[in-house]
Structure formats: C-alpha cells, structure tokens
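In our numbering, the protein residues as written are -8 to 421.
The structure is reproduced here in structure tokens:
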C-alpha cells in the first residue's frame, strides 16, 4: 500500500516580474521571488563576439531608425504568419508569443541613439562602426527602470568617440519616434542581416528564443545559454525558495556545503550562492563538458567562483570523499519518460540535449540514483530537494525514499509548484 505523504504549498508569493522567454512546455510555468546581483561582463572570457549573449555584445553596427523599423515590420509579418499552428501542433508559440519575443530581441540588440548623426557613422545602410560602448550586461533594467549599475556606467560614458551625448538606450524609447527622426543613427549589437538569420531560425525552424539571443532570464539572473545546455525553467526557481525556507528554520544549513547535481547552466548553484552564508559553499556537478563550460562562465559572471566548485561526473560520483558532509542537495535531473520525448514541443525535443531530458522508461532512473546517493552523502539533518515531472512521478519518488533500507530519510514531503502541480519532493536525512 502506498503511503500518503504530506503535500504542502510554498508560503512564498510568486512575485516574478522580470522573466522573459516562453516557458518551454514539458513542465508547467511558475514564478518566484527574486534576488538581485550585478553580473560581471563576459568579454574577458569569450574572444568571439558572436559567442556572447546578444545583449552583451559591443554595438559595432549601425542602421537608420527607418531601416530598423522596416526590418521590424518584416519580422512582424513572419511572426503573424505562424498564427496558432505551432500551438495546435505541440503547444508551441503562437503569433502573440513570437511578437513579444521580437520586442525583447530588439531590446537586446539596440544599444543607443546619439542626439545627432555622427560624421563617423552615417546611416547609409547597416555597417560596422567602431566605438566605445557602455560595457554593461542588461538584465532587470531591460524591463524596469535603469539599474544603479547602468546609471553609474552611463555617468562615465557621455560620448561615442566625437559624437554627442546618448539620447536613448532602449528600443522602447525610440520605436515611437516621429518620422522626422527616422534618419537618426541607431547603434546595434548585431547587423540587420544577422538579425534576419536569427529571426528566421526562431520563427521557421523553431530554435528556442533563449538560444537565439544567447541567454535565459531566471529569477533575477541573466544566464548565458547555448545549444548543448538545458534552458533553465521558471518552475525550477522555486527550489531556491524551498532552500531558503529550510535555512530560515535551520540557519546553520546556510553555513554548510551544498550540492547542485546536474547543474547545466549553473542556475541552481548560482541561486544557492545568493542565499547561503559567506561560510557556505556549493559543488556543482555535471557530466557534460558543454554544461560545465557554460556553468563556469555564469558562475564567474556573478563572481561566485570562490563559493562554487564545478566538478565533472555523474551525480554523486565525484563526491565520494564527502560522505555524510553535505548540508543540502538540489537537483533538477532528467525526468521525462523516454516514450514522451518524441511528443515534446519542437523547441525542446529538436534542440535541447536529450541526455538532460530523458529519464528512462518511467522517467525516474536518475531520480532514483540521486536518492540512493543522497542516503550516504547527506549529513544528519541535511535536506534534499528534487524536481520531478509532477503528480504520480513525485509520489513514486517519495515512496522510493520512504522504502529505502535502514530508513535514511524522514519528513518526506510533496510540494506544489506555483501552478498548483505537485512538483517537488523534499526530505531530511535522519
């Protein structure tokens, strides 16, 4: 007989305001509270401009506002042509979603407009223009008011070579300019030709928006992502809230060693790094070299490299010397049943790494492996939080924990996500 486990809801209120990018459909969307940090610039780690997130690149291209508006009209037509056919086919984006993404893309690519046309960069077609740029990774300021970091940067950047003070930094500020302004120079982080290629990949080939622009907005972080690395989902944000709840009840947990298993982009490790005590540390584990590279970049962006150690290996295999030493374990492992992979939204099934999605016949292969490892890796009073496919699978994982030999776990709980789906399994080591 299956045991009836306690089902709880997080007491935290979903207050996410800056998430952007369509929630990919293998799990239900949710929102969470946020924590803010100013990231480092990535130019010191990446030599090629095109390997950077779109909003991180230097603005070395120009266009007239009129040309940019014409490009936007072309891009809007492509988005409208989709209608609702992707949504009907597999729950993918409809025209409304794509039009919203287009505006986000323009927010990323438009750097600024000088007060008057610069003699060095006349708008005779889109072309390269070498200039000094505000070297800021735009995050929350893309959606709200300018952050202090951005304002401080602009205070020291008042001209572009011999040009005039900056008139506007945001697409939202210039898209409604009067026709008399249409010949003004717009500084761009990508050429119109490249934007056309990127938008075609998004609309026609259904390449995920996060891969197109090179980043994902998660909690209050802007994380570098690329093909080969799972895009962090909004429902996973809640795992940091659950960890914070535990720390609020047992403050000493914040000073311990935590593990993020299957770190991917490093999202959970970075989220943990924002809430742990200065004495607390994290090990971020992944079997994928691509994931470890991206996670390392994101960890450096938020200057957490002294707090988070990145290790290669499968689940607990690189942590064998930490038996009984972990204060907490967080993991969002592959949990999609193998038979469901072919039915996933095209953005997911055709682009994201299968090894980060496929959890075996029932979707529980990796979840079970992590449960077994946590039984020896966690300290007494340490906690594990797992994300699952929800519903019956979450109950199955809870039963695995409850039936383990020696009874290593207690206080096993099923936790609803912010959409009301039983998504997470939480347990304490005795």
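Every residue gets a Cβ at the ideal spot worked out from N, C-alpha and C, and that includes glycine.
Quick one: is residue i buried, meaning 16 or more other Cβ sit within 10 Å of its Cβ, or exposed?
i, result
"residue 65", "exposed"
"residue 248", "buried"
"residue 240", "exposed"
"residue 146", "Annotation note: pLDDT 42 at residue 146 (below 50); position unreliable, coordinate value reported separately. That one is exposed."
"residue 71", "exposed"
"residue 52", "buried"
"residue 301", "buried"
"residue 318", "buried"
"residue 362", "buried"
"residue 341", "exposed"
"residue 21", "Note on residue 21: pLDDT 30, under 50, position unreliable in the model; the coordinate value appears next. The residue in question, residue 21, is buried, as its Cβ has 16 or more Cβ neighbours within 10 Å."
"residue 86", "buried"
"residue 355", "buried"
"residue 251", "buried"
"residue 268", "exposed"
"residue 382", "exposed"
"residue 150", "Only weak support is given to the placement of residue 150: the predicted model assigns it a pLDDT of 35, under 50, and the value that follows is read from those uncertain coordinates. It counts as exposed."
"residue 417", "buried"
"residue 320", "buried"
"residue 408", "buried"
"residue -2", "exposed"
"residue 74", "exposed"
"residue 201", "buried"
"residue 35", "The predicted position of residue 35 is uncertain, since its pLDDT is 39 and thus under 50; a value taken from the coordinates is nonetheless stated next. Exposed, because fewer than 16 other Cβ atoms sit within 10 Å of the Cβ of residue 35."
"residue 394", "exposed"
"residue 238", "buried"
For residue i, which of the options has the nearest alpha-carbon?
i, options, result
"residue 209", "73, 103 and 231", "231"
"residue 376", "338, 352 and 415", "415"
"residue 253", "405, 278 and 223", "278"
"residue 345", "165, 324, 359 and 259", "324"
"residue 69", "241, 189, 367 and 397", "189"
"residue -4", "394, 386, 395 and 398", "386"
"residue 80", "370, 0 and 197", "197"
"residue 88", "244, 309, 194 and 259", "194"
"residue 171", "57, 67, 283 and 183", "57"
"residue 272", "102, 358, 77 and 298", "298"
"residue 182", "100, 367, 332 and 168", "100"
"residue 384", "358, 400 and 364", "358"
"residue 217", "303, 305 and 339", "339"
"residue 442", "364, 63, 380 and 370", "In the structure as shown, the chain begins at -8 and stops at 421. Residue 442 is therefore absent and cannot be evaluated."
"residue 266", "274, 168, 244 and 372", "244"
"residue 261", "236, 328 and 288", "288"
"residue 410", "178, 205, 228 and 82", "228"
"residue 60", "84, 169 and 46", "169"
"residue 43", "162, 84, 180 and 164", "180"
"residue 98", "276, 75 and 46", "46"
"residue 284", "91, 264, 255 and 304", "255"
"residue 352", "367, 395 and 332", "332"
"residue 313", "213, 63 and 365", "365"
"residue 246", "373, 392, 73 and 85", "373"
"residue 316", "337, 78 and 368", "368"
"residue 90", "104, 105 and 63", "63"
"residue 280", "163, 257 and -6", "257"
"residue 400", "326, 419, 335 and 177", "419"
"residue 335", "94, 82 and 50", "82"
"residue 328", "337, 174, 310 and 347", "347"
"residue 164", "199, 275 and 103", "103"
Which residue or residues does DSSP assign as beta-bridge partners of residue i?
i, result
"residue 102", "Looking at the DSSP assignment, residue 102 forms no beta bridge with any residue, so it has no partner."
"residue 215", "206"
"residue 274", "250 and 300"
"residue -3", "404"
"residue 416", "377 and 405"
"residue 327", "349"
At what residues does the alpha helix (DSSP H) containing residue i begin and finish?
i, result
"residue 361", "356 to 368"
"residue 284", "280 to 292"
"residue 76", "76 to 81"
"residue 243", "From DSSP, residue 243 is part of no alpha helix (DSSP H); its letter is neither H nor E."
"residue 162", "162 to 165"
"residue 259", "258 to 264"
"residue 351", "Run containing residue 351: none; DSSP gives neither H nor E here."
"residue 393", "383 to 393"
"residue 189", "183 to 194"
"residue 311", "First-last for residue 311: undefined, no H or E at that position."
"residue 421", "Careful: residue 421 lies outside any alpha helix (DSSP H) and carries neither H nor E."
"residue 339", "337 to 340"
Tell me where the beta strand (DSSP E) around residue i begins and ends.
i, result
"residue 319", "317 to 322"
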